[in-house]
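Q: Structure incoming, see below.
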């Protein structure tokens, strides 16, 4: 009954939100669309909350069986659920989801000591980081510092990089490998936060070293990125540059390009080093000028997918890119804002936004998780929702 009471209260707030936001006649067409989709998101996440088991986190949805696929707190996506709700509460200035957020955070708390994953930025900073930003709390800070300490244990000083995977049997390397994936750029923000709040410079130094190593070895001359680089843990030597979730080793997996863009925008924000700004702009230009980027700006799952233009789109990559471009526009006198707006226009259309009470409660349709592994194909994804809601909140802040 607890969740059902929350559900009906939120329906009332949604109706009030639609009325109030709809009265803001000075808003642009895109801003009005954002207001409508944010209302839909509130409805959807209450609908989802009422379907979730107590200690589970949403991953995706299976339309054919009307089933939510969920995970425990140790899955890399576990932080996006509370993070999305925190953004929604921020957008509306209400604590609509507070009870569900608190419940989610309580189940996540033990992951602060998880040293088996590099995804603590996703898991803990996208959740506890936002919770602490909106309502600073010493308990949250302690959890975040411990999370940064756990992440730092994965740093290899020979490779000057944070180990992503402990073991990956499909890799072509050996036992003495440091496997680094481009996704790892998204976890560095946690380390900068830890230095700022603890005074321990080692966290930020690890982040800078990792970003510099990634610039040198993950990127090709055209500023496209490999998904995965394998280093010798004893010498730091590059052993292989490959792709696991994209079409081919030499292809440009769309979400990988998105992770890198977002990561180097964060690097500039945290360091104000112009080399990171230039690098982010070069990645953005690669994406936006790619001949296989569709006119509606939502990328195919891989820029080199073999069956373009019939290849599936990846809405999650589009959401990440749009959010990154919005922040990048604030550092470049508005450059990239028009492209971010175009991406949002498409992503907020009925083609990509679920109708209320459908899609298992997820907001965004047509994501692609891992095409080569044939998992999460043309389906909602928790991180797609998170970065789309973040992009909408960022756009409203900019405007």
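In my numbering, the protein residues as written are 1004 to 1402. Cβ coordinates follow ideal geometry from the N, Cα and C atoms, glycine included.
May I have the straight-line CA-CA distance separating residue 1188 from residue 1287, to the nearest angstrom?
A: So the alpha carbons of these two residues sit roughly 15 Å apart.
Q: Please say whether residue 1323 and residue 1262 have beta carbons closer to each other than 8 Å?
A: Yes, the pair counts as a contact, with Cβ atoms nearer than the cut-off.
Q: Check whether the stretch 1057–1074 and the stretch 1112–1121 touch, using three or more Cβ-Cβ pairs below 8 Å as the test.
A: In short, these stretches do not touch, since the Cβ pair count stays below three.
Q: If you reduce the DSSP assignment to three classes, tell me which class residue 1026 lands in.
A: Its pLDDT being 47, under 50, residue 1026 is placed unreliably in this model, and the coordinates cannot settle the point.
Q: Are the Cβ atoms of residue 1230 and residue 1248 separated by less than 8 Å?
A: Taking 8 Å as the Cβ cut-off, residue 1230 and residue 1248 qualify as a contacting pair.
Q: How should residue 1062 be labelled, buried or exposed, when 16 other C-beta atoms within 10 angstroms of its C-beta is the threshold for buried?
A: That one is buried.
Q: Hey, which unbroken runs of the beta strand (DSSP E) at 3 residues or more fall wholly within the stretch 1313–1376?
A: Listed in chain order, the complete beta strand (DSSP E) runs (minimum 3 residues) inside the stretch 1313–1376 are 1370–1373.
Q: Classify residue 1372 as buried or exposed, calling it buried when 16 or more other Cβ atoms lie within 10 Å of its own Cβ.
A: With 16 or more other Cβ atoms within 10 Å, it is buried.
Q: Thinking just about the alpha-carbon of each residue, which of 1319, 1138, 1343 is nearest to the one in residue 1382?
A: Checked all of 1319, 1138, 1343; the closest Cα to residue 1382 is 1319.
Q: On the three-pair Cβ rule with 8 Å, is the stretch 1153–1168 touching the stretch 1133–1144?
A: Because the criterion of three Cβ pairs below 8 Å is not met, the stretch 1153–1168 and the stretch 1133–1144 do not touch.
Q: For the beta strand (DSSP E) that residue 1071 lies in, which residues bound it at each end?
A: Where residue 1071 is concerned, the enclosing beta strand (DSSP E) stretches over 1070–1074.
Q: Could you tell me the alpha carbon to alpha carbon distance between residue 1145 and residue 1160, rounded to whole angstroms?
A: When rounded, the distance between both Cα atoms is 26 Å.
Q: Spatial neighbours of residue 1244 within its chain, please: C-beta separation below 6 Å, excluding the five flanking residues on both sides.
A: 1229, 1232, listed in sequence order.
Q: Given a cut-off of 8 Å on the beta-carbon distance, is the pair residue 1268 and residue 1283 in contact?
A: Their beta carbons are under 8 Å apart, which means residue 1268 touches residue 1283 by this criterion.
Q: Quick check: the Cα distance between residue 1403 and residue 1308, rounded to an integer number of angstroms?
A: Here the chain comprises residues numbered 1004 to 1402, so residue 1403 is not present and cannot be evaluated.
Q: Going by beta-carbon coordinates alone, are residue 1347 and residue 1401 separated by less than 8 Å?
A: No. Outside cutoff.
Q: For residue 1275, tell me which candidate among 1301, 1335, 1313, 1294 has the shortest Cα-Cα distance.
A: It is 1335.
Q: Work out the CA separation of residue 1047 and residue 1364 for me, nearest whole Å.
A: Straight-line Cα distance between these residues: approximately 4 Å.
Q: Applying the criterion that 16 or more other CB atoms from any shown protein chain within 10 Å of the CB defines a buried residue, is residue 1025 buried or exposed?
A: Interpretation of residue 1025 is limited by its pLDDT of 47, a score under 50 that renders its predicted location unreliable; no figure is taken from the coordinates.
Q: For my contact list, residue 1132 and residue 1147 are in at a C-beta cut-off of 8 Å; report their separation, rounded to the angstrom.
A: So it is a contact: roughly 6 Å between Cβ atoms.
Q: With distances taken between CB atoms, is the gap from residue 1354 to residue 1300 smaller than 8 Å?
A: No, they are not a contact pair.
Q: Considering only residues of the stretch 1056–1138, which uninterrupted beta strand (DSSP E) runs meet the minimum length of 3 residues and lie entirely inside it, listed in chain order?
A: Correct list: 1060–1065, 1070–1074.
Q: Kindly indicate which three-state DSSP category residue 1042 falls into: helix, strand or coil?
A: Three-state result, residue 1042: helix.
Q: So, are the CB atoms of residue 1398 and residue 1087 less than 8 Å apart?
A: No. Outside cutoff.
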